Amino acid sequence: RIFGARLPEVAVSSTKPVHGHALGAAGALELVCTIMAMRENVAPPTINFLEADPKCPVDCVPNAARPMKIRTAMSNSFAFGGVNASLVVQAAD
954 RIFGARLPEV
964 AVSSTKPVHG
974 HALGAAGALE
984 LVCTIMAMRE
994 NVAPPTINFL
1004 EADPKCPVDC
1014 VPNAARPMKI
1024 RTAMSNSFAF
1034 GGVNASLVVQ
1044 AAD
């Protein structure tokens, strides 16, 4: 509901298959990856991605990085024990 009709335009990727689970450092590491993706204008790939769920109409970034301008990004961290956080970052002009 948050993204509404623009959901199919939202690029989704995960860097965790690249660096593994860093436990207590995972959220910080994933935020750094998000900021680097914004700085380099590239959506990182989700490596070993096999198949998208046809019921979930997001723009998956499978197996290869994709050049794209990223002005705003969200980094989600879902931890053991139900400790969850989402950070939204936006490029400074």
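Per the numbering used here, the very first residue in the sequence shown carries number 954; after that it's consecutive.
Backbone N, C-alpha and C define an ideal beta-carbon position, used for all residues, glycine too.
Note that this is a predicted model, so its numbers are computed, not measured.
Checklist entry - What is the residue span of the beta strand (DSSP E) that T987 lies within? => result Element bounds for T987: not the beta strand (DSSP E) but the alpha helix (DSSP H), 979-993.
Next on the checklist: So, at 8 Å on beta carbons, what are the nonlocal neighbours of D1012 in its own chain, with the 5 sequence-adjacent residues on each side left out?
Outcome noted: Counting only Cβ-Cβ distances below 8 Å, and skipping sequence neighbours, we find P961, E962, V963, A964, V965.
Checklist entry - Could you give the C-beta distance for T972 and L982, rounded to a whole number, given that I count them as a contact under 8 Å? => result Per the sequence shown, the amino acid found at residue 972 is His instead of Thr. Confirmed, about 6 Å.
Next on the checklist: Classify G957: buried if its beta carbon has 16 or more other beta carbons within 10 angstroms, exposed otherwise.
Outcome noted: Result: exposed.
Checklist entry - How many angstroms separate the CA atom of S967 from the CA atom of D1046? => result 26 Å
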